[in-house]
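Below is one structure, written out as structure tokens; the observations come after it.
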Amino acid sequence: MKKSFKRLGLGVLAGVLLVGLAACGGSKDGKAGEGKTDFKGDTLKIGVWGGNEAEEKSLDELIKNFETETGAKVDKKVYTDYNTQMQTDLVGKTAPDVFYVDASMYPFFQSQGALAPLDKKEFESDKFYSTLIDTFSTDGEMYAAPKDFSTLALYLNTEIFEKTGVSVDEVPASYEEMVTWLPGFQEKIDKAYGKGKVSAMSYNPEMSRNLHIAQRDGGAIEDKDGRSTLSDKKVVDNFSILNDLVATKGFVTPQDIGAGWNGEAFGTGKLAMMEEGNWVYQNLNNDYKDIKYTVKPMQTYKGEKGSMMFSVGWGKYSGTKQSDLADKWIKYVTGKEGMELWVTGTGTLPSREDVAESAKIADNKDMKVHLDAWEYATPWQKGVSLTTIDNAFKNFVPKALDGSMSMEEAMKKADEQANADIDAGK
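Residues -25 to -1, 1 to 401 (mature numbering (1 follows the signal peptide of the UniProt record, and there is no 0)) are what the sequence shown spells out, left to right.
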């Protein structure tokens, strides 16, 4: 369910959106028709991005059930370049009545007035994991209801461990300890499989995987004005662990070993360990059935647990003229019945605690690791400049990790690029 979004001209569009949304036909809070209950003949337009087969099937089932219950028609619009096209529709006042809101893009959509507030009591916010409600709230107001979430966890190929004579219980609990442990483990792997055949562990040089590291000890990648602060001393110090891990020669990217992503590298037996989201679980079970694995929490760093959390919410367009029908849709798909249908069909984690209990997610020991991470995982979200900062980080952190620049130099260059892009968009 995690999506990678391309940010194209957000700064330029921001000013247009502020003007355009102020002139929207609907009321400011999206409440065009108070208390309407008869929806026969009405049409609700929903905006989504394309999902996998299971997600498409589950969404279509939700739509069918909703149409049967309400007598309304649901018009599904599937976007291919979601955020760019959604912004175009917002400017043109043709946005869907309800639409997907990725946590990373929530600050932008909310700041531009594109989302109508949702009453927390009416939408049962107390039933959801608190971290997720906070992710889609501003100044105490909730602007999207989280439909599901994912977290990162550590996957271990038990067959590789057995062949090297190492127990999965020997894997250190902290990144700091991994620095001294990985070289020996990689030597044993090389002895068992041949040098260059299998690597100990993978990493991804993306901020979406490393924000939890960047923010240890109060590190910040963005200031209150939305400018990049990757060269902050605390951030640079935090990222030093990546240099130390890469230096072990057992810490590689999937691309370093000829794979497109972690799941492929792990599934083809090229990795002993990977940090990945629960979306990989069904992929491994369906496409790589011969791989035997177990799932554990990720290593601690500087004495604290860490992971990343990714979530998507259903938001209501502030200019909708189908406010009550939009509310009814969001209540259904994020309610107990609708969410049970969704998570059962898609294998995603429910954002409601009562659904996690009724769906017996914790009975699956691997999924329980992902579920439990909600308490300490860092949401993939900052301010409106997150995508720009992420792009700069991805451009320069490889130079720090291959030794062509120090981490401090690389992050200064990343700041320069990010802030130039941010300023150009104002």
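Cβ coordinates follow ideal geometry from the N, Cα and C atoms, glycine included.
Shown here, residue 146 sits in coil according to DSSP, grouped into three states, outside any helix or strand.
Where residue 256 is concerned, the enclosing alpha helix (DSSP H) starts and stops at 254 to 262.
In this structure, residue 129 sits near residue 271, with a CB-CB distance shorter than 8 Å. The alpha carbon of residue 143 has as its nearest neighbour, out of 268, 237, 374, 331, the alpha carbon of 268.
Cβ neighbours of residue 135 within its own chain (closer than 6 Å, five residues either side excluded): 247.
Here residue 72 has 19, 20, 292, 295, 297, 301 as same chain residues with Cβ atoms under 6 Å from its own Cβ, once five neighbours each way along the sequence are excluded. Cβ contact annotation for residue 42 (same chain, cutoff 8 Å, sequence separation greater than five): 48, 49, in chain order. When the five nearest sequence neighbours on each side are left out, the beta carbons in the same chain lying within less than 8 Å of the beta carbon of residue 242 are those of 258, 259, 262, 263, 266, in order along the chain.
The three-state secondary structure of residue 202, taken from DSSP, is coil. Counting the other CB atoms within 10 Å of its CB gives residue 365 a total of 16 or more, which places it among the buried residues. Straight-line spacing of the CA atoms in residue 153 and residue 188 works out to 15 Å.
Pairwise C-beta distances place the region 377 to 386 out of contact with the region 354 to 362, as fewer than three of them are shorter than 8 Å. Of all alpha-carbon atoms in 89, 39, 82, the one lying nearest the alpha-carbon of residue 63 is that of 89. In the structure shown, residue 399 falls within a helical segment according to DSSP collapsed to helix, strand and coil.
At the C-beta level, residue 29 and residue 322 come within 8 Å of one another.
Between the alpha carbons of residue 155 and residue 202 lies a gap of roughly 36 Å. It is roughly 45 Å from the alpha-carbon of residue 225 to the alpha-carbon of residue 52. Across the structure, residue 160 and residue 337 are spaced so that their CA atoms are roughly 31 Å apart. Separation of residue 77 and residue 346 (C-alpha to C-alpha, rounded to the nearest whole angstrom) is 19 Å.
Remark: C-beta atoms of residue 24 and residue 81 do not approach each other more closely than 8 Å.
In this chain, residue 309 is not harboured by any alpha helix (DSSP H), its DSSP state being neither H nor E.
Taking C-beta atoms as the reference points, residue 186 and residue 283 count as a pair closer than 8 Å. The criterion of a C-beta distance shorter than 8 Å is not satisfied by residue 146 and residue 163.
Comparing alpha-carbon positions, the option among 46, 165, 306 lying closest to residue 99 turns out to be 306. Where residue 21 is concerned, the enclosing beta strand (DSSP E) starts and stops at 18 to 24.
Residue range 208 to 221 is occupied by the alpha helix (DSSP H) that includes residue 220.
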